[in-house]
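Put into structure tokens, the structure is as follows:
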């Protein structure tokens, strides 16, 4: 029984690392480091094995996956000579990549419904042609700016109507992909801070189609550490007074986020956890800078001031130096396995138990990483 | 109903901050920052209020507490003019301090049993004279070197016999204090890495006298952060490969720990958490340096290397800059309140639920700070 | 023979620390730590002794210096009980403070020339009344936004004319103060990144009046370190590829610089050194954040990526944690002594040999701190 | 006219990077990043071009250079596919490597003079056979423990005599190599902290043979930064109170230095600069830890506390993350070119003008990196 993993942004760094990495793990060429669901806590959850995963997706780039894998080898993300060893699997996945939408604004006379239908057709063709039990759609494309609330987003009826209006751009691209995925009866994951499925109308759609979805914005670095440290201060009743962060990002992600509009989505997402964990606002800014020389790497520096007993001022700082795609890719595999199983077990709508993976978890205010893990593990136990 | 808090090392920086701080909190001169048990999770646990605490203790120094408080004001630990405002309380506590033992080795002809009896008499006199419902003994004196296992430590009978041997030094000072405390029917806390109650014979004594004890080595800085971060790596299946730490300590604590023998106790205690949390050994050393210019402050730098997906190498580092006495003092108050309540409720022997407070928690291998907190909170719920 | 030091912003944190510190040094209550000119390299330069300095100035605040000194004592900038010991000197200086201009825009019918004349009168009254040999004016007030070039700034003639136009705001406050100082025949120092004397017309005025001036923006932290480290990379032919900086500032300075317009002046000043030293542009941003909880302290984190042999990528980072007023105040004393002596020796116009003290040194492109020091020392030798 | 570069430790990481890098530079495959003498300041010094350098050396390892280069490619030190492109040059150099001495202790009946003669023969054979104008010997082998002073080291006469004593181990290996090099009329460089030429008898030998030598212990990381920062504190009259350092080293160097005896040599060398620059001792320790997971990389963390005006305490810290071989290799090329030219121009004995390159520069107390660079540049000017 095969499971499809349909990646929106299928030729990006994260997706390329996912496909190459899954092949490496299957071939025993690498250990499942960074794969949460490879742990014993998930052994009896009935998750589909990596062998069962088949990859495809949408992308607007036409650079083939083997070439992208070579680039990532030069960048130190994929170890040499892995890209060569899994070349066949990269080619197979590449053959299942279809052109994505470059612009969610329909041409004159066209409707967004028609744009969505083309996406739906790509996904269902993938599922039918390869005889897949089900398909999980995971959005790993570039971050979009935040979207202004619109009446059309409020419920499924108004949305459906609005999508039929020629020339109207009701949904941003990420939400159009989410709409297509849910309409096609696929589970959906928002791996980025883009709007995606995070609209009342799409929640209604997910429930109507009885498919689960989760998100958003995978936590892989600064925020992951934040959600490990902030609960420590809270448990010890130490009064955090400021928390400042500077994120230096290279690569395409850095370039995208250097755009203030897209960066805003990321900042909103990044600033969610602290007040939720500490119970109060904390002064301090979060910067996201593009530093091209860092390549696929990112460096985050966080500086925290806090008060202890009798008001004594203390401070803490940390620097996180990680490889973005290597941190993200195993989580994509984890999420694919988990939500595919949830779908199989009949779960519909937002899956808050997957909050462990996200900066801005849907349908929950729990941000403490250890508590999130305990919730995830308990849920996985129930999937058995 | 009054509760005695008998501090071994009663004129040290921690003890002075405890007495001044408790007075400040009672008088509403400071908020209970850093006091875990001031949180709502402990509101219904029936803990004795701060008002109920009465301080005394042993020390080999004769510098009175008001003078020590002035020194700590100059050092920035106690905010000006607090020491003046709580002078009366400092004097009251100082009047209850008795000379400690400078050397646990009895003079010729003398026995350790006799040394212990003098300590017991001091504590029972304090309890009886002030009409205290019970007394908690907390060891906050200088760290001792590790102690070699000895047959006399194996059970209470052999220990009792050995203590009666003239001239024999069966127990190190911290254990002699623990013996005295438990013998006097008092709950006991090992706040330092010294041996204290951590001997089979003393565990037997605690159970025989139906008193609880807990320890050891309060976690207030580097190890606290370690036990918040290491579980994050574990939950994310990131493979920690090295963890190196350098601790720069000023003040008396730094000078004591610069002695390799005493420093060894601290290092053993500090290196307990990582293998327990990660499930495997990790390369890397832990240094403890004395830097007198830091005064009462300590700085810890930790550097961590880890592998992610496909073996990609990443790293993290943090710097913690804290004031030792200000971090420790509120925990002393927390532990006094919690173990006094446990004693009242009939708990005897090692209290593993207090592991949240310690680097080397007795009777448990759980080091993850969030899990420790959840265990503590649940236990406090049962104390109600 | 007395020398006047007229501080613009005379009741600010820097000025208060200057006055208290000078008094402490004269009374032997503190060692001249941070005072460059106290070193043997300057012993024979004929600089006026600290005893010769008499303080006064302009400010728009009316909080007296003794009260400001108390605030700085609570903040940990001035050690207790120094403020009490030098109370008399603080009062004496406070009595010589005159109201500054809150707004350089003249009221209807009024001219900037008239505003300037009032400032000139204050300074000359100070000089005449106290029989001072000369007066040095040092601008230590809040940073202003950058000023757009204007025809009136081009030469002294057009400026003089423009200043006589009723209602016209030709000069920003800092430049009006500089104009007044130079017109009064006083040496002038731009201690901040504000425009100050940095206009062709004012340079002409300085030369016409035969007075020296220097600036601008004292380097006391991040930039000081930058100008020590960047030459190391250059000398070693290591290719710096990015240099990112985040500055966390508390206090009034932080609040002022959190305003994007004023912050812009500071950023321009901060970003001057790197391209000058390295000989090429370097990617990376400089952030200035206001973190009120830091009080008078500032923390800078800089992250540098560089390439070594065969293109290997390496990185360096540093964190600087300093007290702004304590870093600035001794430099004010140094500059007062040095420029007073230069004035005495007949130096007129921009004094590039003082570049050692500034982020954006006038009339020179030399930013390497060691080279600047060697130039300063050589110049001091010639002042003898 | 060809110049020989004879590397002691010719199959180590540094030497391999030197040979591969020189070939890459000659072929235009890489820019001379990290090569000090490639700068314009050295253009007219008459230095031998890279084309003129021919490599050979001693080593106790038999792993050929092409294989070592592959290992360094996997480690990220030599970029792929450079090792393949310069395979011929690696093989050529490898053919000129002769077995080194594994132990400087002569077998029974043998003398160190005989051991030295074998080394001399290797070097002169290399020079004669390849028709080299001169040979520079550079010691880049593992660090040795410090050597106790001995009467035989005092002058050349006693040394010569002692070397002839059968079975006597008068010199450590590094000094035996230095003795051989100088005896063969070759310039000599101590690139490590080992004793090498740093003995009065060997200085006499260098002068007698009219050859120059320099050392010791190339400064490539922590100490390089120290000697850039410490002068900044000194120039600003800021009082450095403590300087603590932790060095995490992977690779063979880390393993060698983890041995306390060898580590001692490195520490002595590392601790030379601070007191010389600051003019007073500073508290703080320097740790050298082996962290195998770091591979060829090293991380240094330094923490500095200092006092400013009125005794205010401040701090600074930095982290340096470098690739050891990539930092060292270009300096080997620089030193080879510079000392070959000095030899050509008749310079004999210790060359203190090369102090810029070393942690523990011979024959000078100048450690400030900028001043060292200025001295080097001036000297290079005189070589023209």
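Protein chains in written order, with our numbering: chain F, 48 to 431; chain C, 48 to 431; chain V, 48 to 431; chain A, 48 to 431.
Beta carbons: idealized from backbone N, C-alpha and C, even for Gly.
Since the structure is predicted, the reported quantities are computational estimates derived from the model, not experimental observations.
Hey, how far is the Cα of residue i from the Cα of residue j?
i: residue 297 of chain C; j: residue 370 of chain C; result: 10 Å
i: residue 357 of chain F; j: residue 80 of chain C; result: 7 Å
i: residue 207 of chain A; j: residue 161 of chain A; result: 12 Å
i: residue 111 of chain V; j: residue 281 of chain C; result: 58 Å
i: residue 163 of chain A; j: residue 227 of chain A; result: 5 Å
i: residue 269 of chain F; j: residue 293 of chain F; result: 9 Å
i: residue 89 of chain F; j: residue 101 of chain F; result: 21 Å
i: residue 87 of chain A; j: residue 61 of chain A; result: 25 Å
i: residue 107 of chain A; j: residue 299 of chain A; result: 14 Å
i: residue 230 of chain F; j: residue 168 of chain F; result: 10 Å
i: residue 185 of chain C; j: residue 236 of chain C; result: 5 Å
i: residue 263 of chain F; j: residue 191 of chain A; result: 56 Å
i: residue 188 of chain A; j: residue 278 of chain A; result: 31 Å
i: residue 320 of chain F; j: residue 326 of chain C; result: 29 Å
i: residue 222 of chain V; j: residue 165 of chain V; result: 14 Å
Among the options, whose alpha-carbon lies nearest the alpha-carbon of residue i?
i: residue 204 of chain F; options: F/248, F/48 and F/144; result: F/248
i: residue 361 of chain V; options: A/90, A/108 and A/124; result: A/124
i: residue 122 of chain A; options: A/387, A/345 and A/424; result: A/345
i: residue 63 of chain C; options: C/105, C/359 and C/74; result: C/105
i: residue 154 of chain V; options: V/215, V/103 and V/271; result: V/215
i: residue 258 of chain V; options: V/376, V/394, V/225 and V/409; result: V/394
i: residue 431 of chain C; options: C/74, C/338, C/68 and C/94; result: C/94
i: residue 181 of chain V; options: V/383, V/225 and V/421; result: V/383
Report the CB separation of residue i from residue j in whole angstroms; it is logged as a contact under 8 Å.
i: residue 351 of chain F; j: residue 414 of chain F; result: Not really, about 16 Å apart at Cβ, beyond 8 Å.
i: residue 213 of chain V; j: residue 158 of chain V; result: 5 Å
i: residue 92 of chain V; j: residue 133 of chain V; result: The Cβ separation is near 27 Å, so there is no contact.
Is residue i close to chain A? Criterion is C-beta to C-beta, closer than 8 Å.
i: residue 295 of chain C; result: yes
i: residue 426 of chain C; result: no
Quick check: is the beta carbon of residue i nearer than 8 Å to any beta carbon in chain F?
i: residue 109 of chain A; result: no
i: residue 270 of chain V; result: no
Taking 8 Å as the CB-CB cut-off, is residue i touching chain C?
i: residue 291 of chain A; result: yes
i: residue 171 of chain A; result: no
i: residue 303 of chain A; result: no
Could you tell me whether any non-hydrogen atom of the ligand SAH is closer than 7 Å to the CB of residue i?
i: residue 155 of chain V; result: Among the components modelled here there is no ligand, and therefore nothing to report on the ligand SAH.
Say whether chain V places a C-beta atom closer than 8 Å to the C-beta of residue i.
i: residue 59 of chain A; result: no
i: residue 81 of chain A; result: yes
i: residue 158 of chain A; result: no
_Contact set between the region 317-341 of chain V and chain F, restricted to residues whose Cβ is under 7 Å from the partner_ = Those residues of the region 317-341 of chain V placed with their C-beta closer than 7 Å to a C-beta in chain F are 330, 331, 332, 334, 336, 338, 339, 340 and 341, ordered along the chain.
### Residues of the region 276-289 of chain A whose Cβ lies closer than 8 Å to any Cβ of chain C, in chain order
Residues of the region 276-289 of chain A that bring their beta carbon within less than 8 Å of a beta carbon in chain C comprise 288 and 289, in sequence order.
field: Interfacial residues, the region 379-405 of chain C to chain F, with Cβ spacing under 7 Å
entry: none
Using a Cβ-Cβ cut-off of less than 7 Å, list which residues of the region 351-379 of chain V approach chain A; keep chain order. For chain A, the residues of the region 351-379 of chain V that bring a beta carbon within less than 7 Å of one of its beta carbons are 354, 355, 356, 357, 358, 359, 361, 362, 363, 364, 365, 366, 367, 368, 369, 370, 373, 374, 376 and 377, in chain order.
* To do: Taking only beta carbons into account, state which residues of the region 113-133 of chain A come closer than 9 Å to chain F, listed in chain order.
  => Hits within the stretch, in order: 120, 121, 123, 126 and 127.
Relative to chain C, which residues along the region 404-420 of chain F have a C-beta separation below 8 Å, given in chain order?
-> Of all residues in the region 404-420 of chain F, 415, 416, 417, 418 and 420 have a Cβ within less than 8 Å of some Cβ in chain C.
For the region 227-252 of chain V, which residues have a beta carbon sitting closer than 7 Å to at least one beta carbon of chain F?
none
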